[in-house]
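Below is one structure; the comments refer to it alone.
4 protein chains.
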Amino acid sequence: MNTIGRIFSFTDFGESHGVAVGGVVDGCPAGLKLDMEQIRSELQRRAGKDLPYGVSMRAKTEEDQVCWLSGIKDDITLGSPIAFFIKNQSAHAEDYEKIKNIFRPAHADFTYQAKYGIRDWRGGGRASARETAARVVAGSIAKQLLAKYNISVNAKVIQIGDEIDRNRFADILKDLQEKGDSIGGIVECVIHGMKIGIGEPIFDKLPARLSYSIMSINACKGFEYGSGFSLVNKRGSEINNMSGGALGGISDGTDFTFRCVFKPTPSISIAQRTIDENGKSVDISIRGRHDVCLALRAPVIVESMAAITIADLLLENISRSCYAK
Amino acid sequence: MNTIGRIFSFTDFGESHGVAVGGVVDGCPAGLKLDMEQIRSELQRRAGKDLPYGVSMRAKTEEDQVCWLSGIKDDITLGSPIAFFIKNQSAHAEDYEKIKNIFRPAHADFTYQAKYGIRDWRGGGRASARETAARVVAGSIAKQLLAKYNISVNAKVIQIGDEIDRNRFADILKDLQEKGDSIGGIVECVIHGMKIGIGEPIFDKLPARLSYSIMSINACKGFEYGSGFSLVNKRGSEINNMSGGALGGISDGTDFTFRCVFKPTPSISIAQRTIDENGKSVDISIRGRHDVCLALRAPVIVESMAAITIADLLLENISRSCYAK
Amino acid sequence: MNTIGRIFSFTDFGESHGVAVGGVVDGCPAGLKLDMEQIRSELQRRAGKDLPYGVSMRAKTEEDQVCWLSGIKDDITLGSPIAFFIKNQSAHAEDYEKIKNIFRPAHADFTYQAKYGIRDWRGGGRASARETAARVVAGSIAKQLLAKYNISVNAKVIQIGDEIDRNRFADILKDLQEKGDSIGGIVECVIHGMKIGIGEPIFDKLPARLSYSIMSINACKGFEYGSGFSLVNKRGSEINNMSGGALGGISDGTDFTFRCVFKPTPSISIAQRTIDENGKSVDISIRGRHDVCLALRAPVIVESMAAITIADLLLENISRSCYAK
Amino acid sequence: MNTIGRIFSFTDFGESHGVAVGGVVDGCPAGLKLDMEQIRSELQRRAGKDLPYGVSMRAKTEEDQVCWLSGIKDDITLGSPIAFFIKNQSAHAEDYEKIKNIFRPAHADFTYQAKYGIRDWRGGGRASARETAARVVAGSIAKQLLAKYNISVNAKVIQIGDEIDRNRFADILKDLQEKGDSIGGIVECVIHGMKIGIGEPIFDKLPARLSYSIMSINACKGFEYGSGFSLVNKRGSEINNMSGGALGGISDGTDFTFRCVFKPTPSISIAQRTIDENGKSVDISIRGRHDVCLALRAPVIVESMAAITIADLLLENISRSCYAK
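Protein chains in written order, with our numbering: chain C, 193 to 517; chain H, 193 to 517; chain A, 193 to 517; chain G, 193 to 517.
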């Protein structure tokens, strides 16, 4: 299913080089006045406009305009589905023409072809990170709903390679770019103002639902919350009063903190060995507008998926616990 | 919702000190001959029967018998819902009588009370790990279905504290037990025989759905697959051909490997500071049948949740890609 | 799926001659004190205890006891799944031994065999009306929740054959019973105290969701609300101010009235022509404890399915419209 | 939820006088070549182009163009979500300006205002039949998928008022139109080529799921299949071998026939009494492009909803019964 969420739900569509990417937000309560400027600026963050040139070569090109189709009138939500799309403007399909029969290393070319027997080979089609633009629009709507409940979501890159000093990220990135290589990174996200009681027991635990939505982001390979993997060598007596924001999967009202890791950009100009559709071994060197580190543009996407998830669980909690209150 | 899965689904119920824990497996294809002995032995693993005494003090006591209510005839699945329950035998409610008004540290007592305005304070009620017995039964059914497709799921503890040598786990555990303390641990799981094409694009990516089901296990604080968090300092040129089992969220036919971390057992005999229902600060020392390391009994639960998830995505893939094939 | 409902959901399980029938009610708010006597009396209604002997030959035999497994403590809901089962007591499997290879006319024997390649031939197995006992228990819980909102659900038989005078039903039924035949009937249900705003636009319209749940009852062949099929020859100027309880699929606060029709009992002692598993044509005369008119015991089942549906939409409306209020 | 279907799902969006109406079809298998001309002609049927002028005054005006956003390449489905929209061209908002504060009789104006605290009063907004254009596009895709399985869906108007002779429909309609009144109608639909085994036991019975989708169509007030309500005075011995297409909710391979009734068009020029937003009683006479009989344009919508439902249950059956086969 290309839909996430039970009450506040988001359906995502679009191929990177098709007509457009977009989505439908369903279940957003009526009467919410949307700040379109905020949505625009979130899309700018995703486009990497705030990143130094060289770090994101896309920065110069991409310009995303949201076309609204339904669900709002005078920028106020009607309680009906909010449908929108973003036209794909810079469709350099020809860049991909020559490699259309080659399965790029660490890309979904091979699995899509195997699963569907057909694929849009232009820029990865459905598997492209281009699709995350729709997540950011839906996420911005979710953030504005959460703001009414004084809940905020903030993510940032905390590590690239071995480096944790943000002032030195640019040097590392420039160096790798010259080498035509890429690097991994870790994003940390903090949810402030959490209400007590968000998250359902057993399968819909707050951390479980969050890990599901975060791990659905392209290139994300791991999720942890609170002290995460470092707990392996901690003792109960040391950490029992550090909940990380949830107990039994339900928010306890304290800030919820999680981290996720992104693999290095698979598209690199250094020559790599791979196979084509006939299984023949070939070398490929991928040039073009590719980030050195995917994690750099991930924070706004991470915030978006977290916000969509919290909005859904917040509304679900209202209905599930209403009679008891 | 206490249900997980879309085609092969599992509904979980039960409080630790209520009448029973159990579940309903829906969507299991008809005609599958169940090996009841395998289910019994999986429950034994969860009960810690194979662990040295002292490591799991429950080992002596717990004995789980599955009562089948529907969905099978002569041990063969009928295609209808398979309902079952396991009686709660050793219900020492009195152990909890004296602390019924106290919120135990790192337990869900506080959040359940806040969310529902009522809770079964006996042994944590719904939030108790007791509930995982039902997951193991459902998981064993899923494993037997997957076996027909030559898919197997195997998990084991790979680290406790700083220790990765399994031969020395017992010493560490005995030492902590004497101190009345607890420790964290990491479980690794490998899925062999994966078919190509399992997992759906975008939100229902194989790793996303797996992290959701694994993070829903009590005390689990992190999930990673393939090279996971270690990718932060890897370069694209180093790791591009290590998929970890999925590309674009869809299985590529290679083994899928993931790891998850469990926090130290919150119930320890060392005195801890906490609050009671009136917010009054109190000291509490929790004695009784508590493991030193929750991770020790986790592998069979991890396997179960992974098997339930793979079974669901396997059947979903059959329906979603049928026409193309 | 054997589950109905999104927030207040009900999972149904059991074969008529297996160990038990039962279900799991999930999403019922915590803190609801259940009246167990009401549940018992609803089950009595389903068993036909209030019907004159001869009309329902089952009356003497069936005695349903509910075994509660989870979700309640001291009869108060905990907010966790409420699981229960009812043992199948009078399992006269031998009655069916001799016709195990025959597809009874108008029964699901043939379709189950074709769909699953296996079936529990004892009393229809999963397809038996026996399963409705679980619906009645879940429905009674839903009714008690609705009562807190001053919503009540009442159904009764309004027609049998051509007869609409309830005083003369008994004669018709006795006559048919002597002939070894059966007859159809119509049940009418009125929902009092509806809140304004229940039901969602487009697919989850109140009448759509109600028809779905009512048409899921065995032998139900039609559903209509308000003036229903009689509207075919009405003019807008005549009926525009008769909403039937919903406008645009959303309750307008007036009573909601619907009717449904049940086909004649398929099991009759008059000899009928059918086929066996080998496609061979055979005659069959079905004797045993079968009602002359299925509609007679249907009202409590109709009320139950309506209550489950209203409870779900009521809770959904709370979460969907919360911010606007 | 504005989404219907579990495997083959359809999400519907749009207000009648907003930017557009449209939808997202998810779960359609990859590799299906779409006949765009067929989709166009289905939309023409909905627009009433084939109806005599006077019967449908919209005929002259409405012209629907489908804009495709994703999920297809060279008219072939990719297995990803198929998103599309249809611009709202003739938005005579001013027609509604003067009655924006009045709740039109038998319309959803009142319930939407009450539920959401806000509504798009232009042409009924979300509650307008305009939304059904998106259903027809999704339905046409479903029909083309079903055609690959040799399943077809055909509906037609069989009664208007007391008239069942189609040759005399026009006279009745012209007469009513002159009077400024409207009339109800009945549509019958036959599904040919049904495979055996479609439909799930208990809640997802074929007739239950069909009634749900058909009753979700605006102005539909009743659904029946097979002999429907006429069964009230039939005897088991008479009708036992007339299944109507399903036994135990599962298709038996014979044609499935159902009927549904549509109320008279609520918008009539005859003056009617109603209330405004302040509860003040007012008279209203609704002029403009309104059909005399809603049922006339309903067949293609009925076919669409039936096709979407059958496609979903067909794919579900493939996954649920796969292992048994």
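We put the CB at the ideal spot given by N, CA and C, even for glycine.
What you are looking at is a predicted structure, and each value in this text was computed from that prediction instead of being measured.
Of Val492(A), Arg232(A), Ile510(A), Arg479(A), the smallest CA-CA separation from Lys371(A) is found for Arg479(A).
Out of Asn280(C), Pro221(C), Ser332(C), Asp475(C), the CA that lies nearest to the CA of Ser262(G) is found in Asn280(C).
For Thr446(A), the secondary structure class from DSSP, reduced to helix, strand or coil, is coil. Nearest neighbour of His299(H) by Cα position, chosen from Met434(C), Leu224(C), Ala463(C), Gly315(C), turns out to be Met434(C). By the Cβ-count criterion, Gly471(C) is exposed, with fewer than 16 other Cβ atoms from all chains shown falling within 10 Å of its own Cβ.
Asn342(G) sits in coil when the DSSP states are folded into three classes, being neither helix nor strand.
For Ser201(C), the CB contacts under 6 Å within the same chain, skipping 5 residues up- and downstream, are Thr195, Asp218, Gly219 in chain order. Using a 10 angstroms sphere on the CB of Ala463(C), the tally of other CB atoms stays under 16, which defines it as exposed. Going by beta carbons, Gly414(G) and Gly436(G) fall outside the 9 Å limit. With a threshold of 16 other beta carbon atoms within 10 Å, Asp367(C) falls short and is exposed. Where Ile467(C) is concerned, there is no enclosing alpha helix (DSSP H), although the beta strand (DSSP E) around it starts and stops at 464-468. Within chain A, no residue has its beta carbon less than 7 Å from that of Gly441(C); the closest one is some 13 Å off. Of Ser422(H), Val379(H), Asp256(H), the smallest CA-CA separation from Ile493(H) is found for Val379(H).
Identification of chain H residues near Gly206(A) by a Cβ-Cβ cut-off of 9 Å yields Leu261, Ser262, Gly263, Ser272, Pro273, Ala275, ordered along the chain. Looking at Asp301(C), Val328(C), Phe295(C), Ser272(C), the one whose alpha-carbon comes closest to that of Met228(C) is Val328(C). Ranked by Cα distance from Val258(G), the options Asp204(G), Ile278(G), Val382(G) are led by Ile278(G).
Going by DSSP, Ala212(A) is part of no alpha helix (DSSP H) but of the beta strand (DSSP E) stretching over 212-218. Membership of Lys413(C) in the beta strand (DSSP E) is indicated by the continuous run 412-417. In the DSSP assignment, Ile274(A) falls outside any alpha helix (DSSP H) and within the unbroken beta strand (DSSP E) covering 274-279. Boundaries of the alpha helix (DSSP H) harbouring Ile502(C): 491-512, taken from the DSSP string. Looking at the backbone, the Cα of Lys225(H) and that of Asn410(A) are separated by about 29 Å.
Here Ser473(A) is bridged, per DSSP, to Ile467(A). At a Cβ-Cβ threshold of 9 Å, Ser459(G) and Arg296(G) count as neighbours.
Put simply, the stretch 385-395 of chain C does not touch the stretch 435-452 of chain H. Fewer than three CB pairs are less than 8 Å apart. Shown here, Val329(H) sits in a helix according to DSSP, grouped into three states.
For Arg358(H), no chain A residue has a Cβ inside 8 Å of its Cβ, as the nearest lies near 37 Å away.
Under the 9 Å criterion on CB atoms, Ile199(A) is classed as interfacial with respect to chain C. Comparing alpha carbon positions, the residue from Val424(H), Leu488(H), Cys381(H), Arg481(H) closest to Val424(C) is Leu488(H). Nearest to Gly331(C) by alpha-carbon distance, out of Asn509(C), Pro399(C), Thr501(C), Cys412(C), is Thr501(C). Around the beta carbon of Ile352(G), 16 or more other beta carbons lie within 10 angstroms, which makes this residue buried. In the structure shown, Ser262(A) falls within a coil segment according to DSSP collapsed to helix, strand and coil. In this structure, Ala498(G) lies away from Leu439(G), with their beta-carbon atoms at least 9 Å apart. Counting only residues of its own chain and dropping the five nearest sequence neighbours on each side, Val382(G) has a CB closer than 6 Å to the CB of Asn346, Asp447, Thr449. Residue environment: Lys348(C) is assigned as exposed (fewer than 16 neighbouring CB atoms within 10 Å of its CB, all protein chains considered). Identification of chain A residues near Gly219(C) by a Cβ-Cβ cut-off of 9 Å yields Ser511, Arg512, ordered along the chain.
Rounded to the nearest angstrom, the Cβ distance from Ser429(A) to Gly385(A) is 30 Å, too far for a contact under 8 Å.
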